[in-house]
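Asks:
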Amino acid sequence: MTRFYFSDFIQGMINLLSEPSKMPCVGFNIPALKYCPAARISLKEEPEDSICNECYARKGFYLFKNVAKALQDRVDFVLKSLREDNGDKFVEEISRQIEKKYFDKNGNKKELKNIDTSLFRGHDSGDLFSPKYIKAWKRVCEKFPAIRFWFPTREWFRESQLDALKDLASLDNVCLKPSALKMNEPAPIVDGMDAGTAVYTTIEQAERDGHFVCPATRHEKEMGKEAWKALPEDERKSLITCKGNRCKLCFIKGCKKGIAYIAH
Numbered sequence: 048m049t050r051f052y053f054s055d056f057i058q059g060m061i062n063l064l065s066e067p068s069k070m071p072c073v074g075f076n077i078p079a080l081k082y083c084p085a086a087r088i089s090l091k092e093e094p095e096d097s098i099c100n101e102c103y104a105r106k107g108f109y110l111f112k113n114v115a116k117a118l119q120d121r122v123d124f125v126l127k128s129l130r131e132d133n134g135d136k137f138v139e140e141i142s143r144q145i146e147k148k149y150f151d152k153n154g155n156k157k158e159l160k161n162i163d164t165s166l167f168r169g170h171d172s173g174d175l176f177s178p179k180y181i182k183a184w185k186r187v188c189e190k191f192p193a194i195r196f197w198f199p200t201r202e203w204f205r206e207s208q209l210d211a212l213k214d215l216a217s218l219d220n221v222c223l224k225p226s227a228l229k230m231n232e233p234a235p236i237v238d239g240m241d242a243g244t245a246v247y248t249t250i251e252q253a254e255r256d257g258h259f260v261c262p263a264t265r266h267e268k269e270m271g272k273e274a275w276k277a278l279p280e281d282e283r284k285s286l287i288t289c290k291g292n293r294c295k296l297c298f299i300k301g302c303k304k305g306i307a308y309i310a311h
């Protein structure tokens with residue numbers, strides 16, 4: 048689930064930031080699938096095996112009208128900027144909002160409850176859909192060397208994207224992880240990017256294939272549904288988050304081991 052700021056406009060400008068509830072930080076998102084070109088290809092070519100069949104960003108909270116509108120408003124703003132000024136307004140505005148959220152007036156990082164101001168999550172919904180968009184994000188990341196940006200992406204699958212993706216991944220503060228296209232498929236290894244991510248149906252198979260298994264996704268599988276449901280709700284909510292597991296591996300640059308999330 049993602050919490051959105053619904054003041055809608057700050058000084059006449061749409062709010063571009065979101066707080067993915069399982070993440071320890073602020074992020075940015077746009078509509079899923081429509082702005083995930085590689086995912087659409089995967090669904091067309093492998094309709095039954097594609098991970099994107101079970102995409103969390105295409106169901107639940109993301110389907111609420113106000114959430115869908117917030118996502119669409121963001122991408123409309125991005126597209127307008129890419130079309131009219133090569134992304135300048137997008138880069139300027141999201142940089143302003145990150146700075147306001149993460150830093151005080153003296154340029155020092157704020158200490159915020161439940162938000163780690165050293166991290167930023169790109170696209171819990173949507174993807175790096177075009178070279179021009181990727182280049183805009185590189186400009187944003189260059190402005191904040193003290194923040195670690197994590198971008199999972201399936202766009203590695205499209206050759207037209209690779210040069211821009213590798214350019215973004217070359218930044219010291221960017222962890223760009225190629226995501227698998229099919230369920231139970233090992234995490235992709237792409238030259239110039241960090242070790243990728245995968246989705247598996249069992250912990251055993253994920254570990255046999257050499258992955259680190261995301262702790263936030265393994266507890267229910269290991270405990271069994273009945274034991275899991277018997278836990279206090281607050282404990283369950285904590286255990287399905289990065290913070291609750293004291294894990295920041297997805298944000299760490301230079302990770303050489305694929306990460307597997309367990310489907311539920």
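Taking our numbering, the leading residue of the sequence shown gets 48, the next gets one more, and so forth.
The beta-carbon is built from N, C-alpha and C at its ideal position, and this holds for glycine as well.
Keep in mind that this is a model prediction, so the values were computed, not measured.
When you compare only the Cα positions, how much space is there between N161 and D132?
Replies: As a working note, residue 161 is residue 114 in the sequence shown. As a working note, residue 132 is residue 85 in the sequence shown. Roughly 35 Å separates the two Cα atoms.
Asks: Just to confirm, is the Cβ distance from L63 to I141 under 8 Å?
Replies: Here residue 63 refers to the residue found at position 16 of the sequence shown. Here residue 141 refers to the residue found at position 94 of the sequence shown. Closer than 8 Å, so yes.
Asks: Between A277 and the ligand GTP, is the CB less than 7 Å from at least one heavy atom?
Replies: The ligand GTP is absent from the structure shown, which contains no ligands of any kind.
Asks: Suppose the cutoff is 6 Å on Cβ atoms and the five residues either side in sequence are ignored; what does the same chain contact list for Y52 look like?
Replies: To locate residue 52, count along the sequence shown from 1; it is residue 5. The predicted position of Y52 is uncertain, since its pLDDT is 38 and thus under 50; a value taken from the coordinates is nonetheless stated next. Result list for Y52: N62, in chain order.
Asks: Measure the C-alpha to C-alpha separation of G169 and L129 and round it to an integer number of angstroms.
Replies: Position 122 of the sequence shown, counted from the start, is the residue given in the question as residue 169. Position 82 of the sequence shown, counted from the start, is the residue given in the question as residue 129. In a straight line, the C-alpha of G169 is about 18 Å away from that of L129.
Asks: How should F56 be labelled, buried or exposed, when 16 other C-beta atoms within 10 angstroms of its C-beta is the threshold for buried?
Replies: Here residue 56 is taken as the residue at index 9 of the sequence shown, counted from 1. Here F56 scores only 38 on pLDDT, less than 50, and its place in the model is too uncertain to base an answer on.
Asks: In this structure, how does DSSP classify S217 when only helix, strand and coil are distinguished?
Replies: Position 170 of the sequence shown, counted from the start, is the residue given in the question as residue 217. Reduced to three states, the DSSP call for S217 is coil.
Asks: Compute the beta-carbon to beta-carbon distance between K224 and D241, rounded to the nearest angstrom, for a pair I have assumed lies under 8 Å.
Replies: Position 177 of the sequence shown, counted from the start, is the residue given in the question as residue 224. Position 194 of the sequence shown, counted from the start, is the residue given in the question as residue 241. K224 to D241, Cβ: 5 Å. Contact.
Asks: Going by C-alpha to C-alpha distance, which of Y180, I299, V114, C261 sits closest to G134?
Replies: Here residue 134 is taken as the residue at index 87 of the sequence shown, counted from 1. Comparing Cα positions, the closest option is Y180.
Asks: Taking S226 as part of the alpha helix (DSSP H), name the residues at either end of that continuous run.
Replies: In the sequence shown, counting from the first residue as 1, residue 226 sits at position 179. Taken as a continuous stretch (DSSP letters only), S226 belongs to no alpha helix (DSSP H), as it is neither H nor E.
Asks: Jot down the residue ranges of each uninterrupted beta strand (DSSP E) in the region 158 to 212, minimum 3 residues, whole runs only, in chain order.
Replies: 166 to 169, 195 to 200
Asks: For the beta strand (DSSP E) that E308 lies in, which residues bound it at each end?
Replies: Indexing the sequence shown from 1 puts residue 308 at position 261. The sequence given here places Tyr at residue 308; Glu does not occur at that position. Where Y308 is concerned, the enclosing beta strand (DSSP E) stretches over 306 to 309.
Asks: Report yes or no: do three or more beta-carbon pairs, one from the region 69 to 76 and one from the region 146 to 163, lie closer than 8 Å?
Replies: yes
Asks: When you compare only the Cα positions, how much space is there between C294 and C302?
Replies: Your numbering for residue 294 matches position 247 in the sequence shown. Your numbering for residue 302 matches position 255 in the sequence shown. Approximately 13 Å between the Cα atoms of the pair.
Asks: CB-CB under 6 Å to V138, same chain, minus the five flanking residues each way: which ones, in chain order?
Replies: Mapped onto the sequence shown, residue 138 falls at position 91. Cβ neighbours of V138 beyond the five flanking positions: A183, R186, V187.
Asks: In three-state DSSP terms, what is E140?
Replies: By one-based count along the sequence shown, residue 140 stands at place 93. Here E140 carries a helix assignment [DSSP, helix/strand/coil].
Asks: Please classify Y149: does DSSP put it in a helix, a strand, or coil?
Replies: Against the sequence shown, residue 149 aligns to sequence position 102. The answer is helix: DSSP assigns Y149 an H, G or I state.
Asks: Count the other C-beta atoms from every protein chain shown that fall within 10 angstroms of the C-beta of H258, then say buried if there are 16 or more, exposed otherwise.
Replies: As a working mapping, residue 258 is identified with position 211 in the sequence shown. Under this definition H258 is a buried residue.
Asks: Using a Cβ-Cβ cut-off of 6 Å (strictly less than) and excluding sequence neighbours within five positions of Y204, which residues of its own chain qualify?
Replies: Against the sequence shown, residue 204 aligns to sequence position 157. Sequence inspection shows Phe at residue 204; the Tyr mentioned does not correspond to that position. Within the same chain, A85 come within 6 Å of F204 by CB-CB distance, once the 5 residues on both sides are set aside.
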